[in-house]
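Novice: Right, I'll just put the structure down here and ask away after.
Protein chains: 2
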Amino acid sequence: MAADLHDTVAHRLREADQRYTTNRRALIEALSEADRPLTIPELLERQRSLPQSSAYRNLSILEEVGAVRRIVTNDDFSRYELAEDLTEHHHHLICSTCGAVEDFTVSKQLEERLMSAMTNVARRTGFQPTHHRLDLLGSCANCT
Amino acid sequence: MAADLHDTVAHRLREADQRYTTNRRALIEALSEADRPLTIPELLERQRSLPQSSAYRNLSILEEVGAVRRIVTNDDFSRYELAEDLTEHHHHLICSTCGAVEDFTVSKQLEERLMSAMTNVARRTGFQPTHHRLDLLGSCANCT
DNA sequence: CTCAGTGCAAAGGATTTGCATGCCG
DNA sequence: CGGCATGCAAATCCTTTGCACTGAG
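As structure tokens, then:
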């Protein structure tokens, strides 16, 4: 699985005429080991030798080629996670107070209902849906 | 209804020892007339005499007292809409390309399923959910 | 009168970018 | 070798803040 992940990312980069460099591999590795989206500061902690600007630039490129997904909360920092087709489809518990994010999943059945509702909306508008996002907002254990 | 809206907002402000000033009323008015969340530049266009800093400051206060809700997309600007209990429960079509946001609704039945799934997750974690967020991500008519 | 609200201008801070250097292909 | 990637530092730009003034209660 881990090998497949890197192969897939490498492939997507190559298709965009980009290289799978050490820095990029390290970012993907760090994200794949986390069980929640990480902020840039968190990523820099895990990759001490990586300069901030490289982190920003590489994450931006990884996002463009569809290897990574950027998540914005009310927190000051953006968060990054592996693109959804590289992981399991999941949702987020987002703390309204501190912006922290945790992953969670719901039943396949409910997901199917969502997909179908999604398609109906698409029929009525000029909007081309690619995916949905179901988040739970509230207060995390720390902030309660 | 319009009168009720302003009364409610005034009340929430008063409870926080805040006044319902002309600027704040104008912001609420502008948001209530829009059918989608507005960015600060958009609000300033609709309220030419309102300085930027007042917009930021007042929206921040209106958010604190629960009259307004702030929405962050991948766009550069935050967006604001009336708090959900002042409007109708709805969801967002978010353009992944330009960050534009439109409102939409789904069936009550599906909403109930979501609420119930929400409650289940809450039981399994220390997270205290307050509400959910279901967004449709994709490409808007302009960006297609 | 008092003090929250206002508006201008300056500061803050996450993110982006210019440019010289290094290194992969 | 050529060009993308890198890393440092400087610039950008949305947002926040300091401060003196105004106006509502």
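For the record, the sequence lines run as chains A and B.
Mapping of the first sequence onto our numbering: residues 124 to 267, in sequence order.
Mapping of the second sequence onto our numbering: residues 124 to 267, in sequence order.
Ideal placement from N, C-alpha and C gives every residue a C-beta, glycine not left out.
Determine the DSSP secondary structure at Gln232 (chain A), reduced to helix, strand or coil.
Specialist: Helix at Gln232 (chain A).
Novice: Starting from Thr253 (chain A), trace the beta strand (DSSP E) in both directions and tell me its first and last residue.
Specialist: First-last of the beta strand (DSSP E) with Thr253 (chain A): 251-262.
Novice: Enumerated in chain order, which unbroken segments of the beta strand (DSSP E) with a length of 3 residues or greater are wholly contained in the segment 193-242 of chain B?
Specialist: Counting only runs of 3 or more, we get 201-205, 214-218, 224-227.
Novice: Let me make sure I understand the geometry here. Which of B:Glu225, B:Gln251, B:Leu260, B:Phe250 has the alpha-carbon closest to that of Gln251 (chain A)?
Specialist: Nearest of B:Glu225, B:Gln251, B:Leu260, B:Phe250 to Gln251 (chain A), Cα basis: B:Leu260.
Novice: What did DSSP end up calling Leu173 (chain B) once you bin it into helix, strand or coil?
Specialist: Coil at Leu173 (chain B), not helix or strand.
Novice: Could you list which residues in chain B have their beta carbon closer than 7 Å to that of Asn197 (chain A), in chain order?
Specialist: The answer, in chain order, is Arg193, Val195.
Novice: Is the beta carbon of Ala139 (chain B) closer than 7 Å to that of Val191 (chain B)?
Specialist: No.
Novice: Just mark Arg202 (chain A) as buried or exposed, buried being the case when its beta carbon has 16 or more other beta carbons within 10 Å.
Specialist: So Arg202 (chain A) counts as buried.
Novice: Output yes or no for whether 7 Å exceeds the beta carbon distance between Ala245 (chain A) and Val229 (chain B).
Specialist: No. Outside cutoff.
Novice: When we look at the beta-carbon of His134 (chain A) and count the other beta-carbons within 10 Å, is it buried (16 or more) or exposed?
Specialist: Answer is exposed; the Cβ neighbour count stays below 16.
Novice: So Ala149 (chain B) is in the alpha helix (DSSP H); what residue range does that whole segment cover?
Specialist: 145-156 is the span of the alpha helix (DSSP H), which, as asked, contains Ala149 (chain B).
Novice: Among B:Ser172, B:Glu168, B:His212, B:Leu185, which residue has its Cα nearest to the Cα of Lys231 (chain B)?
Specialist: Of the listed residues, the one whose Cα sits closest to Lys231 (chain B) is B:His212.
Novice: What number of angstroms, rounded off, separates the C-alpha of Ala178 (chain B) from the C-alpha of His129 (chain A)?
Specialist: Near 46 Å, if we compare the C-alpha coordinates of His129 (chain A) and Ala178 (chain B).
Novice: Below 8 Å on the Cβ atoms is my guess for Thr196 (chain B) versus Ile163 (chain B); work out the distance and round it to an integer in Å.
Specialist: Not quite, the Cβ-Cβ distance comes to about 14 Å (not below 8 Å), so this is no contact.
Novice: Distance, Cα to Cα, Arg159 (chain B) vs Thr242 (chain B)?
Specialist: Arg159 (chain B) and Thr242 (chain B): Cα-Cα distance of roughly 28 Å.
Novice: Beta carbon of Asn181 (chain A), beta carbon of Leu150 (chain A): below 7 Å?
Specialist: Against a cut-off of 7 Å, the Cβ pair of Leu150 (chain A) and Asn181 (chain A) comes out as a contact.
Novice: Taking Cβ-Cβ distances shorter than 9 Å, what residues in chain A pair up with Ala264 (chain B)?
Specialist: Within chain A, the residues near Ala264 (chain B) are Thr248, Gly249, Phe250, Gln251.
Novice: For Val188 (chain B), go through chain A and note every residue whose CB falls closer than 9 Å to its CB, in chain order.
Specialist: Per Cβ cutoff of 9 Å: no residues; Val188 (chain B) is ~15 Å from chain A at best.
Novice: Closer than 7 Å by C-beta to Cys266 (chain B): which residues in its own chain qualify, once you throw out the five before and the five after it? Chain order, please.
Specialist: Correct list, in chain order: Cys218, Thr220, Cys221.
Novice: If you count every other CB in all the chains shown that lies within 10 Å of the CB of Val199 (chain B), and 16 or more means buried, which is it?
Specialist: The amino acid at residue 199 (chain B) is misidentified as Val; the sequence shows Asp. Result: exposed.
Novice: Could you check which residue in A:Arg247, A:Ser172, A:Cys263, A:Leu237 has the C-alpha nearest to that of Arg256 (chain A)?
Specialist: Selected option, being the one with the closest Cα: A:Leu237.
Novice: Which term fits Glu207 (chain B), buried or exposed, when burial requires 16 or more other beta carbons within 10 angstroms of its beta carbon?
Specialist: Exposed: under 16 other Cβ atoms inside 10 Å.
Novice: According to the neighbour-count rule (16 or more other Cβ atoms, all chains shown, within 10 Å of its Cβ), is Arg147 (chain A) buried or exposed?
Specialist: The residue is buried, with at least 16 neighbouring Cβ atoms inside 10 Å.
Novice: For Glu225 (chain B), does the count of other Cβ atoms within 10 angstroms reach 16, so buried, or fall short, so exposed?
Specialist: So Glu225 (chain B) counts as buried.
Novice: Kindly indicate which three-state DSSP category Thr267 (chain B) falls into: helix, strand or coil?
Specialist: It is coil, neither helix nor strand.
Novice: Under three-state DSSP, which class holds Thr162 (chain B)?
Specialist: Strand, per DSSP.
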